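**Student:** After the structure tokens below, expect a handful of questions from me.
Numbering (our numbering), first residue to last: 35 to 337.
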């Protein structure tokens with residue numbers, strides 16, 4: 035099933051889910067940073083640097099953590115803890131291409147290194163290599179079945195392959211390990227939408243909203259599931275509506291779903307409202323309106 039089933043900016047996209055899964059939200063470290071320790075730090079031992087790196091990473095000071103791990107690797111290039119720590123930090127800063135070789139070095143030393151298998155698999159999804167990602171993630175859960183992030187990654191890989199049954203099974207495995215996890219519920223709900231199981235998606239997403247009532251991804255996907263069942267006004271109430279732009283965007287998005295459902299009169303009404311609220315909103319609503327009017331002329335018996 036094509037992902038064009040919904041407006042792409044309404045739903046949390048699959049690759050965006052991977053980023054959410056991996057990213058800590060901190061800014062990336064410039065590649066030109068000199069990681070050599072200053073003279074005042076020369077007395078720090080490797081255990082000192084590892085301890086400081088771990089503390090910095092837990093506190094969200096990712097640049098500092100990366101610097102400390104690199105200092106260790108400058109002295110001991112094959113230090114496993116430092117390699118894993120730096121790979122984790124690079125992943126957290128969206129530097130997938132830098133993290134992946136570090137995980138690979140660890141796997142070369144130990145082909146069942148579960149942290150590295152999981153980490154590399156998740157990076158490979160982001161690097162658009164889902165086939166290789168699947169191999170790593172399956173090996174990770176074979177080694178340690180409690181790896182919920184690896185199960186989540188397998189769900190994403192299955193969704194990218196349009197295999198809804200495999201995706202659902204993987205997400206439910208993850209939820210069995212991390213019950214009530216809003217991100218997992220969001221992913222499962224989104225997957226059910228892709229499989230056009232809208233009523234089931236609604237139930238899952240409402241559960242997610244119960245645990246994370248301010249999560250915009252959950253709210254957006256819930257609105258989509260509701261709209262696909264023809265409850266447009268209810269869906270609109272789930273979307274942001276504080277500014278004219280947000281109101282217009284919501285009406286355009288729900289109108290798009292109405293158009294996909296072949297409910298052309300409702301689609302036209304929603305697109306017209308989007309343009310009325312914000313005439314300069316963007317060309318998408320106007321284009322959608324013209325498309326819906328054209329379809330209505332061709333199929334006058336539409337609902």
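Cβ atoms here follow ideal geometry from the backbone N, Cα and C, with glycine treated the same way. Predicted, not measured: the structure shown is a model, and the values here were computed from it.
#1: Would residue 170 and residue 148 qualify as a contact pair, given that the criterion is a beta-carbon distance under 7 Å?
#2: Determine the direct distance from the alpha carbon of residue 82 to that of residue 91, and round the result to whole angstroms.
#3: What is the DSSP secondary structure of residue 145, counted as helix, strand or coil?
#4: Check for me: the alpha helix (DSSP H) holding residue 242 runs from which residue to which?
#5: Alpha carbons only, please: which of 251, 225, 217 and 176 is nearest the one belonging to residue 198?
#6: So, under 8 Å CB-CB, residue 125 and residue 94 are touching, yes? Tell me the CB distance rounded to an integer number of Å.
#7: Are residue 180 and residue 141 touching if we call contact CB-CB under 7 Å?
#8: Could you compute how far the alpha carbon of residue 168 sits from the alpha carbon of residue 314?
#9: I want to check one thing, is the minimum distance from the CB of residue 244 to the heavy atoms of the ligand ATP below 6 Å?
#10: Is the distance from the Cβ of residue 259 to the Cβ of residue 235 below 7 Å?
#11: On the CB-based measure, 16 or more other CB atoms within 10 Å of its CB, does residue 307 come out buried or exposed?
#12: Rounded C-beta distance between residue 379 and residue 220? I'm assuming under 8 Å.
#13: May I have the straight-line CA-CA distance separating residue 78 from residue 227, to the nearest angstrom?
#14: Consult DSSP for residue 287 and reduce its assignment to one of helix, strand or coil.
#15: Any contact of the region 280-298 with the region 238-253, i.e. 3+ C-beta pairs under 8 Å?
#16: Among 325, 261 and 218, which one has its Cα closest to the Cα of residue 241?
#17: Measuring straight from C-alpha to C-alpha, what distance separates residue 146 and residue 166?
#18: For residue 214, I'd like the list of residues in its chain whose CB is within less than 6 Å of its CB, leaving aside the five on either flank, ordered along the chain.
#19: Beta-carbon separation of residue 156 and residue 119 under 7 Å?
#20: Mapping the DSSP letters down to three states, classify residue 264 as helix, strand or coil.
#21: What does the Cβ neighbour count give for residue 61, buried or exposed, with the cut at 16 atoms within 10 Å?
#22: Counting C-beta neighbours from all protein chains within 10 Å, is the total for residue 277 16 or more, i.e. buried, or is it exposed?
#23: Under DSSP, the alpha helix (DSSP H) around residue 216 begins and ends at which residues?
#24: Report back the beta-carbon spacing between residue 257 and residue 269 to the nearest angstrom; my notes put them in contact at under 8 Å.
#25: In this structure, does DSSP put residue 94 in helix, strand or coil?
#26: In angstroms with no decimal places, state the Cα-to-Cα distance between residue 160 and residue 264.
#27: Closer than 6 Å by C-beta to residue 222: which residues in its own chain qualify, once you throw out the five before and the five after it? Chain order, please.
#28: Is it right to say residue 271 is buried, meaning 16 or more other beta carbons lie within 10 angstroms of its own, or is it exposed?
#29: Going by C-alpha distance, which of 104, 173 and 311 is nearest residue 359?
#30: State the CB to CB distance for the pair residue 262 and residue 305, rounded to an integer number of angstroms; the pair is presumed to be in contact (CB under 8 Å).
**Tutor:** Quick look at the numbers:
#1: A distance of 7 Å or more separates the beta carbons of residue 170 and residue 148.
#2: Between residue 91 and residue 82, the C-alpha separation is close to 14 Å.
#3: DSSP places residue 145 in coil when its eight states are reduced to three.
#4: Unbroken alpha helix (DSSP H) run through residue 242: 232-245.
#5: Nearest C-alpha to residue 198: 225.
#6: No, residue 125 and residue 94 are not in contact; Cβ-Cβ is about 14 Å, not under 8 Å.
#7: No.
#8: Straight-line Cα distance between these residues: approximately 44 Å.
#9: Of ligands this structure carries none, so the ligand ATP is not represented either.
#10: For residue 259 and residue 235, yes; Cβs fall inside 7 Å.
#11: Counting Cβ neighbours within 10 Å, residue 307 comes out buried, since at least 16 surround it.
#12: This structure cannot settle anything about residue 379, because the visible part of the chain is limited to 35 through 337.
#13: Rounded to whole angstroms, the gap between the alpha carbons of residue 78 and residue 227 is 53 Å.
#14: In the three-state scheme derived from DSSP, where H, G and I count as helix and E and B as strand, residue 287 is classed as helix.
#15: They do not touch, by the three-pair rule.
#16: Comparing Cα-Cα distances from residue 241 to each of 325, 261 and 218, the minimum goes to 218.
#17: C-alpha separation (whole angstroms): 15 Å.
#18: So the list reads 245, once near-sequence residues are dropped.
#19: For residue 156 and residue 119, no; Cβs fall outside 7 Å.
#20: Residue 264: coil per DSSP, three-state reduction.
#21: Only weak support exists for where residue 61 lies, its pLDDT of 35 falling under 50; the coordinates are left without a value.
#22: Classification of residue 277: exposed, given that the 10 Å Cβ count is below 16.
#23: 216-228 is the span of the alpha helix (DSSP H), which, as asked, contains residue 216.
#24: Contact flag correct, Cβ pair sits at about 4 Å.
#25: Note: residue 94 maps to coil in three-state DSSP.
#26: Taking the Cα positions, residue 160 is about 34 Å away from residue 264.
#27: Same-chain partners within the cutoff: 205 and 238.
#28: Label assigned to residue 271: exposed.
#29: Missing from the structure shown is residue 359; the chain here goes from 35 to 337 and no further.
#30: Beta-carbon to beta-carbon, residue 262 and residue 305 are separated by about 17 Å, too far to satisfy the 8 Å threshold.
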